[in-house]
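Encoded as structure tokens, the structure appears first; notes follow it.
2 protein chains.
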Amino acid sequence: MLKNDSFLKACRKEHVDFTPIWIMRQAGRYMKEYRAIREKVDFLTMCKTPDLVAEVTLQPVDILGVDAAIMFSDILIPVEAMGMKVTFTEKKGPAFANPVRSESGAEQLDILDYSKSEEKMPFIREAIKLILQSLDNRVPLIGFAGAPFTLATYMIEGETSRNFSWIKRVMYTQPPFLHNLLDKIATVVTHYLQLQIDSGVHAVQLFDTWAGYLSPDDYKEFALPYVQKVLNGLNKKGCPVILFANGVSSILEHMSSASPDVIGLDWRVDIGDARKRVGDNVALQGNLDPCVLYAEPPVIKKYVKDILRKHGPGPGHIFNLGHGILPDTPVEHAKALVEIVHELSSKHVIGDE
Amino acid sequence: MLKNDSFLKACRKEHVDFTPIWIMRQAGRYMKEYRAIREKVDFLTMCKTPDLVAEVTLQPVDILGVDAAIMFSDILIPVEAMGMKVTFTEKKGPAFANPVRSESGAEQLDILDYSKSEEKMPFIREAIKLILQSLDNRVPLIGFAGAPFTLATYMIEGETSRNFSWIKRVMYTQPPFLHNLLDKIATVVTHYLQLQIDSGVHAVQLFDTWAGYLSPDDYKEFALPYVQKVLNGLNKKGCPVILFANGVSSILEHMSSASPDVIGLDWRVDIGDARKRVGDNVALQGNLDPCVLYAEPPVIKKYVKDILRKHGPGPGHIFNLGHGILPDTPVEHAKALVEIVHELSSKHVIGDE
Chain A
502 MLKNDSFLKA
512 CRKEHVDFTP
522 IWIMRQAGRY
532 MKEYRAIREK
542 VDFLTMCKTP
552 DLVAEVTLQP
562 VDILGVDAAI
572 MFSDILIPVE
582 AMGMKVTFTE
592 KKGPAFANPV
602 RSESGAEQLD
612 ILDYSKSEEK
622 MPFIREAIKL
632 ILQSLDNRVP
642 LIGFAGAPFT
652 LATYMIEGET
662 SRNFSWIKRV
672 MYTQPPFLHN
682 LLDKIATVVT
692 HYLQLQIDSG
702 VHAVQLFDTW
712 AGYLSPDDYK
722 EFALPYVQKV
732 LNGLNKKGCP
742 VILFANGVSS
752 ILEHMSSASP
762 DVIGLDWRVD
772 IGDARKRVGD
782 NVALQGNLDP
792 CVLYAEPPVI
802 KKYVKDILRK
812 HGPGPGHIFN
822 LGHGILPDTP
832 VEHAKALVEI
842 VHELSSKHVI
852 GDE
Chain B
502 MLKNDSFLKA
512 CRKEHVDFTP
522 IWIMRQAGRY
532 MKEYRAIREK
542 VDFLTMCKTP
552 DLVAEVTLQP
562 VDILGVDAAI
572 MFSDILIPVE
582 AMGMKVTFTE
592 KKGPAFANPV
602 RSESGAEQLD
612 ILDYSKSEEK
622 MPFIREAIKL
632 ILQSLDNRVP
642 LIGFAGAPFT
652 LATYMIEGET
662 SRNFSWIKRV
672 MYTQPPFLHN
682 LLDKIATVVT
692 HYLQLQIDSG
702 VHAVQLFDTW
712 AGYLSPDDYK
722 EFALPYVQKV
732 LNGLNKKGCP
742 VILFANGVSS
752 ILEHMSSASP
762 DVIGLDWRVD
772 IGDARKRVGD
782 NVALQGNLDP
792 CVLYAEPPVI
802 KKYVKDILRK
812 HGPGPGHIFN
822 LGHGILPDTP
832 VEHAKALVEI
842 VHELSSKHVI
852 GDE
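Here the protein sequences come in this chain order: A and B.
One rule links them: number in our numbering = place in the first sequence (from 1) + 501.
One rule links them: number in our numbering = place in the second sequence (from 1) + 501.
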């Protein structure tokens, strides 16, 4: 039995005594404890070493007091397991030496089924086991994967892109090729998430980071069906699924049509408007601008209050940033954020303010 | 008298026989005629040399047959005239060696009034004169400026930014400083646009490129008031004002509240939805994803048809891309786009389809 299940209750739109909070990229470079480990080992090795994964996954639970842990990993781990060599550099982020831009490139990919997924990424099950032991039922553990469109973006662009010229070129000039690739990635993502669920995570988040750079019609054609395929393919076993995208404002209703349990909002949408647009059947996660954490706690408090007020006291709100926490964020400010959300939302829920 | 005033009519929501089109960055690297001139001279010199400005401004009118010319320049020209040294490189775009991040930095800026604006940028009036001569009333000429928030972003970040960490840090930690800077920039932008209007441009566009990266509340506090100040300060003399932003979906109603004549839409919003959200009192410009131009004309036609159908046959639509045309766009595809828009919209308006 979980000691603090506020996050899962909020995912299910049940009553909570305070608004639960976790922070995207909460295990990361802004924390000296993370940097101390990261200094000794390269990023990929870290993702594949279960005891290191467990250690950094627990750091924000211990240091910040967040209401959920998220397994430390990277959305490109299963892409690497499909046979694409990836490198990570601090400055440029991830890069693939051989992006997939042709049928022959796509044919070389290993479309991992469940057992191949286990075999090629044995560290996943092992890391989840270690994390759950260390967590000792304090808070739930979130697993995650990149959504098919976002993974395809990296696989085709080869690196973080500015205009998404490559994937869009493929989208507009070779749509059958792209659909075929997305379908294969959706298969891999489904098995990969199922492996995490079977290993014991309590919820999963699907990161469709770049989907908001599509026009709504293109989202509907090239991103949504593959999110839907993943959601339909999972044996959820009670695990809530969070669907996150950047730039949700223009695709919110489409995302909602995939029926995730939770929609993760970036900061560029008013959460009160979002609630009106999607109705009460889905929980919402978000959505403070990560840069607000550069400010001192009284300023953070003002912005948190706005978000809590806009969502209102109804059930189904998980507090989070609208995007990952930035590496130069003062850790005390992240800590203050967690305290402020807990404090203000307790008042909020009991109608004290 | 203009021979083709369809663009201005559409700005004023008057009846047109076809939907007019121009293309953001229509004078640019995708055109060999532009590259031929650009090879001989650096970017800044080009912007400041009236006969070169006139030459490249006319190229898309002659080659593509667009319904409006836009003065070739850069939004950072008045920022350089304020005393900030800027460099342009193909790879990184514009960069300022000494970004403004303190009161003392801001105090060193030259807040150009009308006569100083003329004095420091004599090439503006001269270029407009030459362009108007060459255009010989074929199509109208658009002038432009960066909106205060977007210019402040460049001035504070120092270069094209990924997370806008610097300006947001300033926004959340020193809001009075930022407001003061934005107010000064708004003064400069107003005089700069007035100078263009007085020199004879037929319309002006205010580019608030980065404003859509703000939360709606932050847009309302840090971007909108200064757009409003510029609009209120202009003696428009009948010149329509187009307000463009990237990521309009989340700030559309706020933009509309500034009462521009036209709102320029990026591609991530359904133009039919946008029309419903803002009503009939404003014209809309846009909004094809620039990457659609990688595709062959039949595909371009499909996407153009969708946009024309979504906006509907009512007045007040100017066709454009949702962002600047990309340097690797085939020029024949840009040409095809212009023809397709003219052809389909003529049918559209006369109810032939």
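Beta carbons: idealized from backbone N, C-alpha and C, even for Gly.
Practice task
Please check the pair A/Leu679 and A/Ala653, which I expect to be a contact at CB under 8 Å, by giving their CB distance rounded to whole angstroms.
Solution key: 7 Å
Practice task
Run the CB neighbour count on A/Ile851, radius 10 Å, all protein chains shown included, and call it buried at 16 or more, exposed below.
Solution key: For A/Ile851, the predicted model reports a pLDDT of 44, less than 50, meaning its position is unreliable; a value from the coordinates is still stated below. Answer is exposed; the Cβ neighbour count stays below 16.
Practice task
With a floor of 4 residues, list each alpha helix (DSSP H) that falls wholly inside the stretch 737-764 of chain B, ordered by position along the chain.
Solution key: 753-758
Practice task
Keeping to the same chain, check which residues put their C-beta closer than 6 Å to that of B/Lys802; ignore five residues upstream and five downstream.
Solution key: Ile841
Exercise for the section: Taking B/Phe589 as the reference, give the member of B/Thr550, B/Lys533, B/Val562 and B/Thr661 with the closest Cα. Expected result: B/Thr661
Handout entry: B/Val793 versus A/Gln729 - alpha carbon distance
Key = 25 Å
Practice task
For A/Ile657, I'd like the list of residues in its chain whose CB is within less than 7 Å of its CB, leaving aside the five on either flank, ordered along the chain.
Solution key: Pro600, Val601, Arg602, Trp667, Ile668 and Val671
Problem - Cβ distance (whole Å) where A/Leu744 is taken to contact A/Pro726 below 8 Å - result: That pair is no contact at about 13 Å.
Practice task
Spell out whether any CB of chain A is found under 8 Å from the CB atom of B/Ile851.
Solution key: At B/Ile851 the pLDDT is 44, less than 50, meaning the model places this residue with poor confidence; the figure from the coordinates comes in the next sentence. So no, B/Ile851 is outside the interface.
Exercise for the section: With DSSP as the reference, label A/Leu642 as helix, strand or coil. Expected result: strand
Practice task
Mind listing, in chain order, the continuous beta strand (DSSP E) runs of no fewer than 3 residues lying wholly within the stretch 528-598 of chain B?
Solution key: 587-590 and 594-597
Exercise for the section: For A/Ile851, name the three-state secondary structure that DSSP assigns. Expected result: At A/Ile851 the pLDDT is 44, less than 50, meaning the model places this residue with poor confidence; the figure from the coordinates comes in the next sentence. Note: A/Ile851 maps to coil in three-state DSSP.
Handout entry: For A/Ile819: DSSP bridge partner residues
Key = A/Gln786
Problem - Close Cβ partners of B/Val587 (< 8 Å) along its chain, the five nearest in sequence each way excluded - result: Leu545, Leu577, Val580, Glu581, Pro595, Ala596 and Phe597
Handout entry: Near-chain A residues of the stretch 655-686 of chain B (beta-carbon distance less than 8 Å), N- to C-terminal order
Key = Asn664, Phe665, Ser666, Lys669, Arg670, Met672, Tyr673 and Thr674
Handout entry: Cβ neighbour criterion (16 or more within 10 Å) applied to B/Glu608
Key = exposed
Problem - Three-state class that DSSP yields for B/Ala704 in the structure shown - result: strand
Practice task
Indicate the three-state DSSP secondary structure (helix, strand or coil) for B/Asp637 in the structure shown.
Solution key: coil
Exercise for the section: State yes or no: is the beta carbon of A/Leu509 nearer than 8 Å to at least one beta carbon in chain B? Expected result: no
Practice task
Under 8 Å Cβ to Cβ from B/Ile826, same chain only, skipping five residues before and after it: list those, please.
Solution key: Ile524, Met525, Arg526, Gln527, Gly529, Tyr531, Pro791, Leu794 and Ala835
Exercise for the section: Give the range of the alpha helix (DSSP H) segment to which A/Lys504 is assigned. Expected result: Taken as a continuous stretch (DSSP letters only), A/Lys504 belongs to no alpha helix (DSSP H), as it is neither H nor E.
Practice task
Establish whether the CB of B/Gly713 and some CB of chain C are separated by less than 8 Å.
Solution key: The structure shown contains no chain C; its protein chains are A and B.
Exercise for the section: Give the range of the alpha helix (DSSP H) segment to which B/Ile801 is assigned. Expected result: Pro798 to His812
Problem - Touch test, the stretch 768-779 of chain A against the stretch 733-741 of chain A, Cβ-Cβ under 8 Å, three pairs minimum - result: no
Problem - A/Ala598 at chain B interface by Cβ criterion, 8 Å - result: no
Problem - Euclidean distance between Cα positions of B/Ala704 and B/Ile698 - result: 8 Å
Problem - Per-residue DSSP class, three states only, for A/Gly647 - result: strand
Practice task
Assign B/Tyr720 to one of two classes, buried (16 or more other C-beta atoms within 10 Å of its C-beta) or exposed (fewer than that).
Solution key: buried
Exercise for the section: Would you verify that the beta carbon of B/Val770 is, or is not, closer than 8 Å to some beta carbon of chain A? Expected result: yes
Handout entry: Selected residue, minimal CA-CA separation from A/Glu754, among B/Ala759, B/Asp774 and B/Met756
Key = B/Asp774
Practice task
Would you mind telling me which residues of chain A sit closer than 8 Å to B/Leu827, beta carbon to beta carbon, in chain order?
Solution key: Asn664 and Ser666
Practice task
Look at the alpha carbon of A/Leu565 and the alpha carbon of A/Pro828, and state the distance between them as a whole number of angstroms.
Solution key: 15 Å
Exercise for the section: Determine the chain A residues that contact B/Ala648 at a beta-carbon separation under 9 Å, and present them in chain order. Expected result: What B/Ala648 touches in chain A: nothing, since even the nearest Cβ is about 17 Å away.
Handout entry: Unbroken alpha helix (DSSP H) run spanning A/Phe723, endpoints
Key = Pro717 to Phe723
Exercise for the section: Check the Cβ-Cβ distances between B/Pro717 and every residue of chain A, and say whether any is below 8 Å. Expected result: yes
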